[in-house]
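This report concerns only the one structure given below.
There are 2 protein chains.
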Amino acid sequence: MKSKWRSIGALLAGGLLGLTALTSDGATADDTQTTAAASPIYGVTIPKGYREWQMIAPAAEAAPLDELRVVLGNETAIKAIRNATLPFPDGTILVKLAYRKKQSDAFAPATVPGQPTTVQVMVKDAKRYASTGGWGFGRFINGVPVDQAQHETCFACHAARVKNRDYVFTRFAP
Amino acid sequence: MKSKWRSIGALLAGGLLGLTALTSDGATADDTQTTAAASPIYGVTIPKGYREWQMIAPAAEAAPLDELRVVLGNETAIKAIRNATLPFPDGTILVKLAYRKKQSDAFAPATVPGQPTTVQVMVKDAKRYASTGGWGFGRFINGVPVDQAQHETCFACHAARVKNRDYVFTRFAP
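Put into structure tokens, the structure is as follows:
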């Protein structure tokens, strides 16, 4: 029963979060929910239209992850990270897209995106997420949030490694 | 004398090209020239505002290049590549940003962008670039086009490897 209520709470929270996020990008309330699937603990959803957002930086992960990644950001995120504004303002949303590395079939020295693996979202709301540095986290596989245990690891790692950058690993690539 | 005229021709052509490119993205003529530096042979310039364009896909290059890359596209490019439209329509512009790979200072298994290396541009104009598959090429280091000899290698490589994809290596990463 408790977990059922938590789950409903997360769904509601996810919806509200989406609304806040989209309003800051000028979209309508109707656009806010691509999915009812919100992350455990944080209630973060995959923001509508994120694939059209501006690029912050690419990255690669060595084995065993063996991924190519790109972080995109909404307008609030881009403005802040280009101006090196810290902490990031409320409404900032960062989305990391990850793909399995694949050798290019056209040019051997190149590695290109294979199967998409995860979509990872960070949402800034200093009040709502006060206990986790102001950030809410969501990690999704095929649009479905991973379990609570995995979400419990997000903040600890960010806090241990990049607290001095407002908990954000990615830097803007010019 | 001949090369002087070619060079002036390239500059003029670059200006016109910029104009065409930007018009297709709805910008004003005033926005068209970030730089007078146009590529040899093709007269391709770095398009104004390209860093705000949508992301098509990341990639990585093995040593000796040892780079992380991201390809961005203007609206015409994004629409075409998302819909798998081939050949790409006139006005398509693809921009590849390349960075030296660097180990993340915050998370050892991650590779992140170091020093920017090149910006590479492909512009589609079937009539103007009829002899090179409809594409004009520009390769820039610190905003300055590389020499003619390097530009002479662009089309041959694209033609040998990806003629069946309208000479474009990059595929859209979802």
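Top to bottom, those sequences are chains A and B.
Per this note's numbering, numbering through the first sequence is continuous, rising by one, with the last residue being 1364.
Per this note's numbering, numbering through the second sequence is continuous, rising by one, with the last residue being 1364.
Ideal Cβ placement from N, Cα and C applies to all residues, glycine included.
Values in this document were obtained by computation on a predicted structure and should not be read as measured data.
Rounded separation between residue i and residue j - CA only
i	j	result
glycine 1323/B	isoleucine 1236/A	39 Å
glutamate 1251/A	phenylalanine 1362/A	18 Å
phenylalanine 1330/B	phenylalanine 1330/A	37 Å
glycine 1263/A	tryptophan 1243/A	6 Å
phenylalanine 1327/B	tyrosine 1232/B	6 Å
serine 1294/B	serine 1321/B	43 Å
cysteine 1347/B	tryptophan 1325/B	13 Å
arginine 1355/A	tyrosine 1319/B	47 Å
methionine 1245/A	methionine 1245/B	6 Å
glutamate 1257/B	lysine 1317/A	40 Å
isoleucine 1283/B	isoleucine 1268/B	9 Å
glycine 1281/A	arginine 1241/A	17 Å
proline 1254/A	phenylalanine 1297/B	14 Å
arginine 1351/B	alanine 1274/B	18 Å
asparagine 1332/B	asparagine 1332/A	39 Å
glycine 1312/B	methionine 1312/A	Residue identity check: residue 1312/B is methionine in the sequence provided, not glycine. Each residue's Cα considered, the two are about 33 Å apart.
Under 8 Å by beta carbon: chain D residues contacting residue i
i	result
tyrosine 1289/A	The displayed structure is made up of protein chains A and B, and chain D is not among them.
Residue i burial status per 10 Å Cβ neighbour count (16 or more: buried)
i	result
lysine 1314/A	buried
glycine 1133/B	One cannot answer for residue 1133/B here, as it falls past the ends of chain B, which runs 1191 to 1364.
proline 1230/A	buried
valine 1334/B	exposed
cysteine 1344/A	buried
leucine 1276/B	exposed
glutamate 1342/B	exposed
Same chain only: Cβ atoms within 8 Å of residue i, ignoring 5 sequence neighbours per side
i	result
proline 1279/A	Thr1266, Ala1270, Lys1314
lysine 1353/B	Gly1323
7 Å CB neighbourhood of residue i in its chain, flanking five on each side removed
i	result
tryptophan 1349/A	Contrary to the premise, residue 1349/A reads as alanine rather than tryptophan in this sequence. So the list reads Gly1323, Tyr1357, once near-sequence residues are dropped.
arginine 1272/B	Phe1362
Cβ-based neighbour list, residue i, same chain, cut-off 6 Å, excluding 5 preceding and 5 following
i	result
proline 1248/A	Val1260
proline 1364/B	none
lysine 1292/A	Val1302, Gly1304
threonine 1360/A	Ile1246, Ala1247, Val1261
Within 8 Å of chain A by C-beta, residues of the region 1291–1314 of chain B in sequence order: Lys1291, Ser1294, Ala1296, Phe1297, Pro1299, Ala1300, Thr1301, Val1302, Pro1303, Pro1306
Touching by the beta-carbon criterion (3+ pairs, under 8 Å), the region 1334–1341 of chain B and the region 1291–1301 of chain B: no
Three or more C-beta pairs below 8 Å linking the region 1304–1313 of chain B and the region 1283–1293 of chain B: yes
Contact set between the region 1316–1335 of chain A and chain B, restricted to residues whose Cβ is under 9 Å from the partner: none
Near-chain B residues of the region 1339–1357 of chain A - C-beta to any C-beta below 7 Å: Within the region 1339–1357 of chain A, the residues whose Cβ lies closer than 7 Å to some Cβ of chain B are Arg1351, Val1352, listed in chain order.
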